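Just below is one structure, and these are the notes that go with it.
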Amino acid sequence: MNISIIGSGYVGTTVAACLADLGHDVTNVDIDADIVETINAGDSPIDEPQLDGLIDEHSGERLRATTDYDAILDTELTFLTLTTPSNPDGSLDTSIIDAATEQLGETLAAKDGHHSVVVKSTVVPGTTREQLIPILERTSGGVVGDELHVATNPEFLREGSAVSDFLDPDRVVVGTSDDRIRDQLREVYSPLDGVPGEKLFETDVSTAAMIKYTNNSFLASKVSLINDIGNVCKEFGIDTYEVADALKLDDRISERFLRSGLGWGGSCFPKDVAAITHAATERGYQPAMLEAAVEVNDRQPRRLLSLMDRHVRVEGKPVAVLGLSFKPDTDDTRGSRAIPVIDGLQERGANVVAYDPAATENMREHFPDIEYADSAQSAVEGAVAALVVTDWAEIERLDDELDRMATPVVIDGRNAIDRRDGIVYEGLTW
Ligand code: UDX
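Using the numbering used here, read the sequence shown as starting at -14 and increasing by one per residue.
Structure, rendered in structure tokens:
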């Protein structure tokens, strides 16, 4: 099919490259000319495994990028993959997707015949029907259900495994009441195993949006629960990972998302849990479990710093922060637990020496005035404490280098480093 995708971030770029790989003709529209140029040169604008290869293979053939919305007129279906960040009060900031929908509508005003619009961005239930469709009809002059067709199709890909998550999904969720676009999306995804079939879940627009929020809320709550239990275990001197190993044997619990420690960050969990909590509260229900999941998640960086305080005073002293990305194998620092950890160290007057294999430049925007080491070894050299924030493989391998510390105090937030003689070791929940 002839498909356009508006927005070329983690999701948009991955979806564009993967749909081209499935055999579709894809036009990726973005306002950033540098991103457009990068894709047309066959490179990936984001650091994501396999994505470079797919873009190199399909760029100039089935995949092209442009800043010109008119290119959409040559396509039959448009995905909206714009970011929907949080407002300070936790509510959804839809200004970016509103603007893109407005420009899409204005573009479609020049098109005769049918066009389909698929909202892939994460928006709270009601947004598509009450906000995006009215914008689309007002600016295009078309009528949804007549020549305009709308569906939601939330994405479940994870950073660091985005391509494999898209090409081998647990499920594809489609929300619409419109047969035409439902059939089109079946065609879009038909090259995937199990679609149409057991992996295709079709429902209405709002339910599809709620499935996305519930999925992320469930995963975030599962991590916060094992962290809450982890904090209890720590008070008893019990290793939460030993407990979790037994929990994994219960197939109702499963082993996934049971890694206790500093908790969750990223561009999705924090904003999605906040957005659905805010939207529910506005409608008169306060989701106590979701509020507790956030509360426990916020405690973890403070508890890591309190463990450090038990062993060493850091005022005026160098402290190594090992890991800055919100999880290993990505350069993304959005929502990273390193941010509250570094805030806490600065409140204590410590001299922060940070290291991360990939995320330094992104974190430098957030903390321009801290020191950034070019290796974990040099970060710990002379430090009075080392805090493990992200469990990168190379940080897990640290061992003898720790003897270079002024005082070998290691406070581990990710169960990355083995406790041993010669170092003062504290595990956040083990
Ligand atoms: C998540 C969802 O998994 C994905 O389906 C959705 O589309 C986007 O949000 P992502 O944010 O990329 O993906 O990362 P994920 O691997 O889910 O980890 C989220 C956070 O939870 C990370 O900060 C990670 O460190 C933390 N986490 C995860 C834990 O602390 N413990 C775990 O056991 C698992």
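Yeah, the Cβ is synthetic: ideal placement off N, Cα and C, and Gly gets one too.
All figures in this text were calculated on a predicted structure; none of them were measured in a lab.
(request) For Asp403, decide whether its Cβ has a neighbour in chain D, counting only Cβ atoms nearer than 8 angstroms. (result) Given the protein chain composition of this structure (a single chain), no chain D is represented.
(message) Based on DSSP bridge pairs, tell me the residues matched to Ile(-10).
(response) As a working note, residue -10 is residue 5 in the sequence shown. Answer by DSSP bridge pairing, in chain order: Asn13, Phe64.
(message) At a cut-off of 7 angstroms, would you count Glu280 as near the ligand UDX, judging by its Cβ distance to the nearest heavy atom?
(response) Locating residue 280 in the sequence shown gives position 295, counting from the first residue. No, the Cβ of Glu280 stays beyond 7 angstroms of every heavy atom of the ligand UDX.
(message) Quick check: Ile(-9) and Thr113, are their CB atoms within less than 8 angstroms of each other?
(response) Start at 1 with the first residue of the sequence shown, and residue -9 comes out as number 6. Start at 1 with the first residue of the sequence shown, and residue 113 comes out as number 128. Taking 8 angstroms as the Cβ cut-off, Ile(-9) and Thr113 do not qualify as a contacting pair.
(request) Could you tell me how far apart the beta carbons of Val(-4) and Lys105 are, in whole angstroms, since I believe they sit closer than 8 angstroms? (result) Mapped onto the sequence shown, residue -4 falls at position 11. Mapped onto the sequence shown, residue 105 falls at position 120. With a Cβ gap of about 7 angstroms, Val(-4) and Lys105 count as contacting.
(message) Please output, in chain order, the residues near the ligand UDX using a CB cut-off of less than 6 angstroms to any non-hydrogen atom of the ligand.
(response) Glu140, Phe141, Leu142, Arg143, Glu144, Asn201, Leu204, Val208, Phe242, Leu243, Arg244, Gly246, Gly248, Trp249, Gly250, Gly251, Cys253, Phe254, Phe311, Lys312
(request) Assuming Met293 and Val394 form a contact by the criterion Cβ under 8 angstroms, report the distance between their Cβ atoms to the nearest whole angstrom. (result) Locating residue 293 in the sequence shown gives position 308, where the first residue counts as 1. Locating residue 394 in the sequence shown gives position 409, where the first residue counts as 1. With 8 angstroms as the limit, Met293 and Val394 qualify as a contact, their Cβ atoms being about 7 angstroms apart.
(request) May I ask which residues mark the beginning and end of the alpha helix (DSSP H) holding Leu93? (result) Your numbering for residue 93 matches position 108 in the sequence shown. That run of the alpha helix (DSSP H) goes 80 to 93.
(request) Using DSSP bridges, identify the partner residues of Ser101. (result) Against the sequence shown, residue 101 aligns to sequence position 116. For Ser101, which the question treats as bridged, DSSP gives the partners Leu62, His134.
(message) I need the boundaries of the alpha helix (DSSP H) containing Ala147, first residue and last residue.
(response) Numbered from its first residue, the sequence shown carries residue 147 at position 162. Element bounds for Ala147: 147 to 152.
(message) Helix, strand or coil for Glu356? Go by DSSP, reduced to three states.
(response) By 1-based counting over the sequence shown, the position of residue 356 is 371. Three-state result, Glu356: strand.
(request) Indicate whether the contact test is met: 3 or more Cβ pairs, each with one atom in the region 42 to 53 and one in the region 75 to 84, closer than 8 angstroms. (result) no
(message) Distance check for Ala260 and Glu267, CA to CA, integer angstroms please.
(response) In the sequence shown, counting from the first residue as 1, residue 267 sits at position 282. In the sequence shown, counting from the first residue as 1, residue 260 sits at position 275. Roughly 11 angstroms between the two C-alpha positions.
(message) Is the beta carbon of Thr225 closer than 8 angstroms to that of Trp377?
(response) Within the sequence shown, numbered from 1, the residue matching residue 377 stands at position 392. Within the sequence shown, numbered from 1, the residue matching residue 225 stands at position 240. No. Outside cutoff.
(message) Considering only their Cβ atoms, is the gap separating Pro303 from Asn336 smaller than 8 angstroms?
(response) On the sequence shown, position 351 is the one that residue 336 refers to. On the sequence shown, position 318 is the one that residue 303 refers to. Their beta carbons are under 8 angstroms apart, which means Asn336 touches Pro303 by this criterion.
(request) Report the residue from Val148, Ile408, His351, Ala339 whose alpha carbon sits nearest the alpha carbon of Leu36. (result) Stepping through the sequence shown from its first residue, residue 36 is reached at position 51. When each option's Cα is compared against that of Leu36, the closest is Val148.
(message) Quick check on the DSSP output: the alpha helix (DSSP H) that includes Phe141 runs from which residue to which?
(response) Position 156 of the sequence shown holds residue 141. That residue, Phe141, is in no alpha helix (DSSP H); it is neither H nor E in DSSP.
(request) Return the CA-CA distance between Val108 and Leu89, expressed in angstroms with no decimal places. (result) Locating residue 108 in the sequence shown gives position 123, counting from the first residue. Locating residue 89 in the sequence shown gives position 104, counting from the first residue. If I take the Cα positions, the gap works out to 18 angstroms.
(message) Measuring straight from C-alpha to C-alpha, what distance separates Arg405 and Asp74?
(response) Working through the sequence shown from its first residue, we reach residue 405 at position 420. Working through the sequence shown from its first residue, we reach residue 74 at position 89. Roughly 44 angstroms between the two C-alpha positions.
(request) Specify, as a first and last residue, the run of the beta strand (DSSP E) that Ile57 falls within. (result) Numbered from its first residue, the sequence shown carries residue 57 at position 72. That residue, Ile57, is in no beta strand (DSSP E); it is neither H nor E in DSSP.
(message) Tell me the DSSP secondary structure of Ile396 in three-state form.
(response) As a working note, residue 396 is residue 411 in the sequence shown. Strand.
(message) Short of 7 angstroms in beta carbon distance, which residues of its chain neighbour Pro110, apart from the five on each side in sequence? Order them along the chain.
(response) One-based indexing of the sequence shown puts residue 110 at position 125. Contacts found: Ser191, Ala194, Met195.
(message) Based on DSSP bridge pairs, tell me the residues matched to Val409.
(response) The residue labelled residue 409 in the question sits at position 424 within the sequence shown. BP columns for Val409 point to Val394.
(request) Report the three-state DSSP secondary structure of Asn72 (helix, strand or coil). (result) As a first step, residue 72 must be located in the sequence shown, where it is residue number 87. If DSSP states are grouped into helix, strand and coil, Asn72 belongs with coil.
(message) By the DSSP assignment, the beta strand (DSSP E) with Arg49 in it spans what residues?
(response) Indexing the sequence shown from 1 puts residue 49 at position 64. Residues 48 to 51.
(request) Name, in chain order, the residues that DSSP records as bridge partners for Gly367. (result) The residue labelled residue 367 in the question sits at position 382 within the sequence shown. According to DSSP, Gly367 bridges with nothing at all.
(message) Looking only at its chain, what residues have a beta carbon closer than 6 angstroms to the beta carbon of Arg143, apart from the 5 residues adjacent to it on each side?
(response) Here the question's residue 143 lines up with position 158 in the sequence shown. Counting only Cβ-Cβ distances below 6 angstroms, and skipping sequence neighbours, we find Asp150.
(request) Could you have a look at Val157 and say whether DSSP puts it in helix, strand or coil? (result) For the purposes of this step, residue 157 is taken as residue 172 along the sequence shown, with counting starting at 1. Residue state, collapsed to three classes: strand.
(request) Please confirm whether Pro34 and Gly145 have their CB atoms less than 8 angstroms apart. (result) For this step, residue 34 is matched to residue 49 along the sequence shown. For this step, residue 145 is matched to residue 160 along the sequence shown. Result yes, Cβ atoms of Pro34 and Gly145 sit closer than 8 angstroms.
(message) Per DSSP, what are the beta-bridge partners of Pro303 in this structure?
(response) For this step, residue 303 is matched to residue 318 along the sequence shown. DSSP, once it has assigned bridges, lists Asn336 as partnering Pro303.
(message) Could you check whether Phe352 and Ile327 sit closer than 8 angstroms to each other, using their CB atoms as the reference points?
(response) Counted from its first residue, the sequence shown places residue 327 at position 342. Counted from its first residue, the sequence shown places residue 352 at position 367. Yes, the pair counts as a contact, with Cβ atoms nearer than the cut-off.
(request) Could you say which of Asp397, Ala265, Pro154, Leu275 lies nearest to Ser206 if we only look at CA atoms? (result) Here residue 206 is taken as the residue at index 221 of the sequence shown, counted from 1. Nearest option by C-alpha distance: Leu275.
(request) Measure from the alpha carbon of Leu247 to the alpha carbon of each residue in Tyr174, Pro325, Glu115, then state which is nearest. (result) For the purposes of this step, residue 247 is identified with residue 262 of the sequence shown, where counting begins at 1. Closest option to Leu247, Cα to Cα, is Pro325.
(request) Locate the beta strand (DSSP E) running through Leu210, then write down its first and last residues. (result) On the sequence shown, residue 210 is found 225 positions in, with the first residue counted as 1. Looking at the DSSP string, Leu210 is not in any beta strand (DSSP E); the run it does join, the alpha helix (DSSP H), is 190 to 221.
(request) Just grab the DSSP bridge partners of Leu372 for me. (result) Here residue 372 corresponds to residue number 387 of the sequence shown, with the count starting at 1. Answer is Val306, Ile396, bridged to Leu372.
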